[in-house]
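First up is the structure itself, then whatever we jot down about it.
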Amino acid sequence: MIKGLLRVVSMGLVLLLMSSVNLLPSKAADADFSGPSQGPVNTESAPFTITVDRSFNGNFHVDISGGGLDERKVLSFPKNATSTTFTITPTATGTVTLIANPASGPKSDKTLLYNVIGVI
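Shown next as structure tokens:
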């Protein structure tokens, strides 16, 4: 019994030490996803931004569909960053759906819609 207790205590100390020197992956506690709501076809959008509520060292995936787009962007957060940006260039009119999630951890499905308008 004492042997088992010592094992649990030593594992706890190892995890505590790893987390204090940032050897464990950082998880974003909460994220906001913002950006423009519309723009013209065949034109680069204004920036979309993912902002986390604390320093985050990891990736977000953004699934993009509609407006002639069907892709996944992988966005890297530089060490200790709290935000990252990207743009899109739709090739067809209609609605683009953008869904952002952390690459690891629970899904949050932060969703934005971007209306692509034709140019007259």
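Quick note, in this note's numbering, the sequence shown goes up one by one and the last residue is 1549. Just so you know, even glycine gets a beta-carbon here, dropped at the ideal spot from N, CA and C. Note that the structure is predicted; figures quoted are calculated from it, not measured.
For T1478, the enclosing beta strand (DSSP E) has its first and last residue at 1477 to 1485. Beta-bridge partners assigned by DSSP to S1505: N1488. Scanning L1527, D1459, A1532 for the CA closest to the CA of P1465 turns up L1527. Distance check between V1525 and each of S1494, V1548, F1506 places S1494 closest, using alpha-carbon atoms only.
Taking the Cα of T1540 as reference, the smallest distance to any Cα among P1531, I1546, V1548 is reached at P1531. The beta carbon of D1492 is closer than 7 Å to those of R1501, I1528 in its chain, skipping five residues each way along the sequence. In the three-state reduction of the DSSP assignment, S1512 falls in the strand class. Put simply, of T1518, V1470, S1463 the residue whose alpha carbon is nearest the alpha carbon of V1481 is S1463. In the three-state scheme derived from DSSP, where H, G and I count as helix and E and B as strand, G1495 is classed as strand.
Take F1515, set aside five residues on each side of it, and the residues of its chain with a beta-carbon closer than 8 Å to its own are P1476, F1477, V1491, K1502, L1504, in chain order. According to DSSP, residue pairing for N1530 in a beta bridge involves H1490.
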